[in-house]
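Asks: Residue numbers (our numbering), protein chains in the order written: chain P, 5 to 249; chain Y, 101 to 178.
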């Protein structure tokens, strides 16, 4: 089950907390992985750990040309991209009434527009091969909202709507498009919270603990596998019961 | 059959999985060859690739039949 031998996966944001877990998990199932990120040393370090079946593709997702270059490089160096994981994302938190246009645009550009642009490049070869998987990493707050994250929540909700539309358009080509929505996960971002903040968060999580990157990655592996071939346009929530939607 | 028509026919046969003899000049991609809207987009992209041209959306909309494609490409190919 969930064998990915011979499949080629491109993971954006593979230098970040969840991205590393996703890349490792896909690799462990036999996939060749392309690691995208901006922090090259971190990508190289991960590539050293994975040893084989790994490529490093640094690119700036705020630059449309680099996005196109990333898609083309991944397609040619790995001889096709079967699985695209749009995981790269940033936050620029602030209360709505004080949020600048710049902070709004920066978050929407990286989290949503770059996801659209990279997917547009990657999906055409998938359609031609009549097989493919696109998995967009959104967030529980894209569905529930979160004070102080108007821009981030908008971008993550946008990913869900975009994924559903694309899923409808290309389902007949055997390409599925799904989202994975993590809740509170142990990452450098949540490590920075103090104990009181953590307690407040955990009070809303029935599982009474933070999730791990591996638990998110398992959901990604499932959606990437042949076993998930009849699932498209869905959002799989990995949140310890924090929001049951 | 002109060189352009031959290349167009090959692409249509490959993409739509139809018999070569069905791909006649007056055949409509949608009405006669069973293409859906996504197929027509794929065809246009394949023509662009094969002939090294960029087909703008308003021109793409006018390409409904095999003949439309051949004459557009003859007039615009690199």
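Note that CB positions come from ideal geometry on N, CA and C, so glycine has one too.
1) Using a 10 Å radius around the Cβ and a threshold of 16 neighbouring Cβ atoms, would you call residue 170 (chain P) buried or exposed?
2) Rounded to a whole number of angstroms, what is the C-alpha to C-alpha distance between residue 221 (chain P) and residue 25 (chain P)?
3) Are the Cβ atoms of residue 105 (chain Y) and residue 170 (chain Y) separated by less than 7 angstroms?
4) Determine the direct distance from the alpha carbon of residue 184 (chain P) to that of residue 226 (chain P), and round the result to whole angstroms.
5) By alpha-carbon positions, which one of P:132, P:48, P:104 and P:94 ends up nearest to residue 144 (chain Y)?
6) Looking at the strands, I want to know which residues DSSP matches up with residue 128 (chain Y).
7) Just the Cα atoms here: how many angstroms apart are residue 96 (chain P) and residue 102 (chain P)?
8) How many angstroms separate the CA atom of residue 54 (chain P) from the CA atom of residue 16 (chain P)?
9) Considering only DSSP beta bridges, list what residue 215 (chain P) is partnered with.
10) Would you mind telling me which residues of chain Y sit closer than 8 angstroms to residue 173 (chain P), beta carbon to beta carbon, in chain order?
11) What residues in the segment 118-132 of chain P have a beta carbon less than 8 angstroms from any beta carbon of chain Y?
12) Expressed to the nearest angstrom, what Euclidean distance is found between the alpha-carbon atoms of residue 32 (chain P) and residue 230 (chain P)?
13) Would you mind working out which of Y:136, Y:167, Y:162 and Y:151 sits nearest residue 174 (chain P), comparing C-alpha positions?
14) For residue 59 (chain P) versus residue 81 (chain P), is the C-beta spacing smaller than 7 angstroms?
15) What's the call for residue 2 (chain P), buried or exposed, on a 16-neighbour Cβ count within 10 Å?
16) Alpha carbons only, please: which of P:43, P:10, P:20 and P:41 is nearest the one belonging to residue 30 (chain P)?
17) Does residue 129 (chain P) come out as helix, strand or coil in the three-state DSSP assignment?
18) Using a cut-off of 7 angstroms between C-beta atoms, extract the partners of residue 145 (chain Y) located in chain P.
19) Would you mind reading off the limits of the beta strand (DSSP E) that contains residue 140 (chain P)?
20) Round the Cβ separation of residue 186 (chain P) and residue 215 (chain P) to the nearest angstrom and send it over; I've been treating them as touching at under 8 angstroms.
21) In the DSSP assignment, find the beta strand (DSSP E) that holds residue 6 (chain P) and state where it starts and stops.
22) Answer yes or no: do residue 34 (chain P) and residue 8 (chain P) have a C-beta to C-beta separation smaller than 7 angstroms?
23) Out of Y:168, Y:146 and Y:112, which has the shortest C-alpha to C-alpha gap to residue 133 (chain Y)?
24) Quick test of your reading: residue 143 (chain P) and residue 160 (chain P), contact by CB under 8 angstroms. State the CB separation rounded to the nearest angstrom.
25) Expressed to the nearest angstrom, what Euclidean distance is found between the alpha-carbon atoms of residue 114 (chain Y) and residue 190 (chain P)?
26) Whole angstroms is fine: what's the gap from residue 41 (chain P)'s alpha carbon to residue 121 (chain Y)'s?
27) With a cut-off of 8 angstroms on the beta carbons, I'd call residue 93 (chain P) and residue 107 (chain P) a contact; round off their distance for me.
Replies: By the coordinates alone:
1) Buried, because 16 or more other Cβ atoms sit within 10 Å of the Cβ of residue 170 (chain P).
2) Between residue 221 (chain P) and residue 25 (chain P), the C-alpha separation is close to 6 angstroms.
3) For residue 105 (chain Y) and residue 170 (chain Y), yes; Cβs fall inside 7 angstroms.
4) Cα to Cα, residue 226 (chain P) sits roughly 11 angstroms from residue 184 (chain P).
5) For the set P:132, P:48, P:104 and P:94, the Cα lying nearest the Cα of residue 144 (chain Y) is the one of P:132.
6) Answer by DSSP bridge pairing, in chain order: Y:165.
7) Here the C-alpha atom of residue 96 (chain P) lies approximately 12 angstroms from the C-alpha atom of residue 102 (chain P).
8) Cα atoms of residue 54 (chain P) and residue 16 (chain P): separation of roughly 16 angstroms, rounded to the nearest angstrom.
9) Residue pairing of residue 215 (chain P) in beta bridges, as defined by DSSP: P:189.
10) Going along chain Y in sequence order, the residues near residue 173 (chain P) (Cβ under 8 angstroms) are 138.
11) From the segment 118-132 of chain P, only 128, 131 and 132 have a Cβ closer than 8 angstroms to chain Y.
12) So the two alpha carbons sit approximately 16 angstroms from each other.
13) Out of Y:136, Y:167, Y:162 and Y:151, the CA that lies nearest to the CA of residue 174 (chain P) is found in Y:136.
14) Contact: yes.
15) Residue 2 (chain P) is absent from the structure shown; chain P starts at 5 and stops at 249.
16) Taking only the C-alpha atoms, the option nearest residue 30 (chain P) is P:10.
17) DSSP, reduced to helix, strand and coil, places residue 129 (chain P) within a helical segment of the structure shown.
18) Neighbourhood of residue 145 (chain Y) in chain P, by CB distance below 7 angstroms: 128, in chain order.
19) That run of the beta strand (DSSP E) goes 136-141.
20) Rounded, the Cβ-Cβ distance is 7 angstroms, consistent with contact.
21) That residue, residue 6 (chain P), is in no beta strand (DSSP E); it is neither H nor E in DSSP.
22) Note that the C-beta distance between residue 34 (chain P) and residue 8 (chain P) is below 7 angstroms.
23) With distances taken between Cα atoms, residue 133 (chain Y) lies closest to Y:112.
24) Going by Cβ atoms, the distance from residue 143 (chain P) to residue 160 (chain P) rounds to 4 angstroms, so yes, they are a contact pair.
25) Per the coordinates, the alpha-carbon of residue 114 (chain Y) lies some 49 angstroms from the alpha-carbon of residue 190 (chain P).
26) Cα to Cα, the separation comes out at about 50 angstroms.
27) That pair is no contact at about 14 angstroms.
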